[in-house]
Each structure stands twice: as structure tokens, then as C-alpha cells.
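These notes concern the structure reproduced below.
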């Protein structure tokens with residue numbers, strides 16, 4: 001790397017163990033930066049010397065778990081930008097003419113560099129969101145594996161306990177058995193301790209996030225009357241609550257139900273305002289949670305108003321009204337320039353929408369992880385109490401076998417031991 005350069009880096013552990021790693025930044029034999037057992041990190045450093053720099057990830061503290069990492073490194077210029085465009089050289093022949101018309105190429109270049117820098121940051125944040133999603137999904141898979149593992153262990157313990165009980169009770173009625181009453185009680189006590197120990201160790205644009213109560217329907221109205229809008233697009237995603245599903249429908253100004261999604265987790269729909277049954281006026285966007293008895297649902301949804309080309313402008317078309325006669329003196333097509341800038345704006349809006357969708361998906365995954373964690377704890381405690389109750393009943397029944405006045409004992413000994 002070059003002397004005087006500035007760089008920024010980001011690391012994220014997305015799979016493996018406790019999602020932690022040791023990180024070091026080295027220059028020759030000098031340690032510039034060191035972090036211990038970090039889940040994630042982000043730093044910006046200035047390189048005072050030129051030479052070979054090393055990024056080192058140390059997992060030596062883990063005996064058996066490999067780690068999957070996501071990391072990015074950016075070289076920055078003196079302005080802290082990721083990249084640079086050289087438009088002054090490209091437009092050199094017309095620089096004087098643009099200057100006469102009031103255009104300053106330095107400002108135009110600076111604006112272009114800012115756009116490029118923002119696009120690079122957007123790409124970086126998208127990569128980071130994908131890393132977060134991969135990490136959350138790996139945690140979900142780990143929870144699923146843990147549930148499966150302990151379910152198998154619980155089943156195995158129950159089978160072993162059942163076999164031991166059959167053997168112990170059978171030995172009570174065999175004349176040649178060396179297992180007496182004291183041995184039975186002590187064995188059961190040890191078994192209780194074993195099971196208990198096992199469990200203790202384990203043991204334009206509109207965006208909203210709304211909560212739809214259980215057994216209710218929430219509707220939101222939007223008025224579309226501007227003729228420049230020819231269609232709209234709506235996205236929704238259930239990010240928390242119950243089975244992460246909801247019924248969604250759209251009602252047109254004429255009262256016709258245009259869209260009807262029954263118990264969907266998410267959805268994306270585009271409605272043409274010129275289609276039959278649509279038109280301009282008041283639209284209702286409804287989320288129906290009447291099928292749920294006790295679970296509230298948290299829903300994220302967005303509405304985009306689109307023009308005839310399917311672009312979401314957000315008022316951008318009104319901000320680039322440049323004098324056509326002025327630009328035509330340079331044989332520049334204002335419509336082409338406007339189309340290019342409009343496409344840039346539309347792509348930026350699409351990127352922003354995708355980022356919000358990634359964020360909502362990440363939030364839904366995290367909610368599912370928390371629900372899995374709660375479910376694991378609940379069923380583990382429930383299994384513990386069921387096992388303790390079953391063992392208590394078994395101890396009582398075995399004890400009643402040796403009590404002459406016990407009614408339960410007489411029922412169990414019926415036909416045996418001269419009863």
C-alpha cells in the first residue's frame with residue numbers, strides 16, 4: 001500500500017462458535033491495531049509508511065469451531081471518498097463554453113464524485129446487511145440443531161429410564177434377585193440426580209411500520225389524484241408476531257378489492273391506475289389479523305407512486321428543469337441529460353428500497369431467533385418438570401409396593417406376593 005493513503009475496513013463474524021475472532025493489523029513486525037474476541041469491528045486508519053500491510057485473523061483460542069468472516073477494505077482519497085471520476089479531462093474541450101453559460105466543471109466534478117462516493121457507501125451497506133442476514137440465519141440453524149440434539153437426548157434418557165424401571169420393578173418379584181428395597185430407592189434417587197443435573201447443564205414514497213392487534217383489521221388510506229402518476233407499487237413484510245403471516249388486501253376508490261393475499265409473510269404488488277376497477281381517488285391498504293386469537297403482528301410496508309415509465313421520482317422531475325434553449329446551443333440534448341439523471345435517481349430509490357427490505361428481513365430473522373431461544377427455554381423447563389413429576393410418581397409407586405396398608409400397593413401387587 002502507498003504511503004499517505006487512508007483506508008477503512010469492516011469485519012463481521014457471520015458463522016462459527018460464539019461469533020468472535022481475534023484481529024490484528026500488521027506492518028512488517030509492528031502491530032498497528034489489535035482486537036481480542038470481537039464479533040464485529042470498523043476502523044479508519046492513516047498509513048504513514050509505504051510497504052506491505054497484513055490483516056490477520058486469529059482463531060487459536062477455539063479448539064474445534066471454525067469461523068466464517070465477512071470483511072471489506074477501502075482505500076480512500078484525501079476527501080475520504082472511495083473513488084474518483086475525472087470529468088475535467090473528459091469535458092476539457094467544452095469547459096470554456098460551459099463556463100460562459102455559468103457551469104463550473106469543478107463543482108460538477110465534485111457533485112459527480114459525491115454521487116459515486118454515496119453509491120459506494122450504499123454498496124458497502126448492502127454487503128453489510130447481507131452479512132448480518134447470513135449471520136442471523138446461521139444462528140437460527142444453530143438453534144434448530146440444538147433443539148434437535150436435545151430432543152434426541154431427552155428421548156434417549158426417557159427410554160433408558162423406562163428400561164431401568166422395568167428391570168428394577170421386575171427384580172422385586174424375583175426370588176433370586178440381589179436387588180433389595182434399599183438398592184431400589186437409592187438407584188431412583190441417583191437417577192433423579194442424574195436427570196436433574198443433565199437439565200441444569202442444558203437447561204412519491206411512504207414507509208411505515210405498524211402493529212396490527214390480534215383479532216382486528218387495520219386499514220390505511222392514501223389519496224392519488226395527480227395525473228403524472230400512472231401506477232403504484234406496494235411492498236409489505238411481517239417482521240414479528242405469531243406465525244409471521246397476515247392477510248393483506250387493497251381496495252380501490254370504486255370499492256373493488258384489487259389485491260387479496262391470504263396469510264402471507266410478505267408480498268410485492270404493482271397496480272396500474274388505468275386498469276379496470278382502479279383509477280384515481282382514495283385507496284385503502286388493509287392488514288387483516290382476525291384469524292389470530294392472541295398474537296399481534298408487526299408489519300413493515302412501503303408505497304411508491306410511479307410515473308408512466310415506472311420511475312419513482314420523489315419530486316426530482318421538478319428539480320432538474322434546465323433551460324432547454326441554453327443547453328441546445330452546445331448541441332446537448334436536454335431530454336437525454338434528463339433521462340440519464342432520472343435513471344440515476346430511480347436507481348438510487350430502488351437501492352434505498354432494497355436496503356429497507358434487507359433491513360426488514362434482518363429484523364424478521366432476528367425476531368425468529370429470539371422466538372426460537374424462548375421456545376427452547378420453555379420446552380426445556382417443561383421437560384424438566386415433566387421428568388421430575390414422572391420420577392416422583394415412580395418413586396411413590398415403588399415405595400407403595402412395600403407398604404402393606406397402601407391401596408396403590410395392593411393394586412400393584414394384585415395376584416403377586418400372596419396378596
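Residue numbers (the UniProt record's numbering): 1 to 419. Note that the Cβ used here is the ideal one computed from N, Cα and C, for glycine as well.
- Remark: fewer than three beta-carbon pairs, one from each stretch, lie closer than 8 Å, so the stretch 236 to 244 and the stretch 270 to 279 are not flagged as touching.
- Runs of the beta strand (DSSP E) lying entirely within the UniProt domain "GOLD" (217 to 305), each at least 3 residues long, are 217 to 224, 231 to 240, 246 to 251, 257 to 264, 266 to 272, 281 to 288 in chain order.
- Cα atoms of residue 365 and residue 244: separation of roughly 11 Å, rounded to the nearest angstrom.
- Comparing alpha-carbon positions, the option among 254, 285, 281, 256 lying closest to residue 268 turns out to be 285.
- Secondary structure at residue 39: coil, using DSSP grouped into helix, strand and coil.
- Distance between residue 277 and residue 233, taken at the CA atoms: about 16 Å.
- Minimum Cα-Cα distance from residue 295 among the listed residues 250, 217, 283 corresponds to 217.
- Taking a C-beta distance under 8 Å as the contact criterion, residue 283 and residue 246 do not qualify as a contact pair.
- Annotation: the continuous alpha helix (DSSP H) that includes residue 412 extends over 407 to 412.
- A residue is called buried when at least 16 other Cβ atoms come within 10 angstroms of its Cβ; residue 215 does not meet this threshold and is exposed.
- Contact between residue 146 and residue 211 does not hold, since their C-beta atoms are separated by about 30 Å, which reaches or exceeds 8 Å.
- At least 8 Å separates the beta-carbon of residue 73 from that of residue 206.
- Proximity of the stretch 14 to 23 to the stretch 35 to 45 meets the contact definition, three or more beta-carbon pairs being nearer than 8 Å.
- When the alpha-carbon of residue 362 is set against those of 300, 158, 8, 255, the nearest one is in 300.
- In the DSSP annotation of this structure, the continuous segment of the beta strand (DSSP E) that includes residue 53 starts and ends at 53 to 58.
- DSSP places residue 23 in the uninterrupted beta strand (DSSP E) bounded by 21 to 27.
- Residue 61 carries a coil assignment under DSSP once its states are collapsed to helix, strand and coil.
- Distance from residue 71 to residue 156 at the Cβ level is roughly 41 Å; contact not present, criterion being Cβ atoms closer than 8 Å.
- Annotated three-state conformation of residue 402 is coil, per DSSP.
- In the three-state reduction of the DSSP assignment, residue 362 falls in the helix class.
- Out of 227, 355, 226, 257, the CA that lies nearest to the CA of residue 219 is found in 257.
- For residue 18, the number of other beta carbons within 10 angstroms of its own is below 16, and it is reported as exposed.
- Taking the Cα positions, residue 262 is about 28 Å away from residue 374.
- Excluding five sequence positions before and after residue 388, none of the CB atoms of its chain fall closer than 6 Å to its own CB.
- For residue 390, the secondary structure class from DSSP, reduced to helix, strand or coil, is helix.
- Here residue 160 is not near residue 351, since their CB atoms are 8 Å or more apart.
- Counting only the Cα atoms, residue 154 lies some 12 Å from residue 382.
- The DSSP-derived three-state label of residue 368 is helix.
- The beta carbon of residue 293 is closer than 7 Å to those of 214, 215 in its chain, skipping five residues each way along the sequence.
- Straight through space, the alpha carbons of residue 56 and residue 30 are spaced by roughly 13 Å.
- For the options 46, 402, 68, the alpha carbon positioned closest to that of residue 8 is the one of 46.
- The C-alpha of residue 404 lies about 41 Å from the C-alpha of residue 378.
- Within its own chain, the residues whose Cβ lies closer than 7 Å to the Cβ of residue 260, once the five positions on either side in sequence are excluded, are 249, listed in chain order.
- For a cut-off of 8 Å, the C-beta gap from residue 281 to residue 253 is around 3 Å, short enough to register as a contact.
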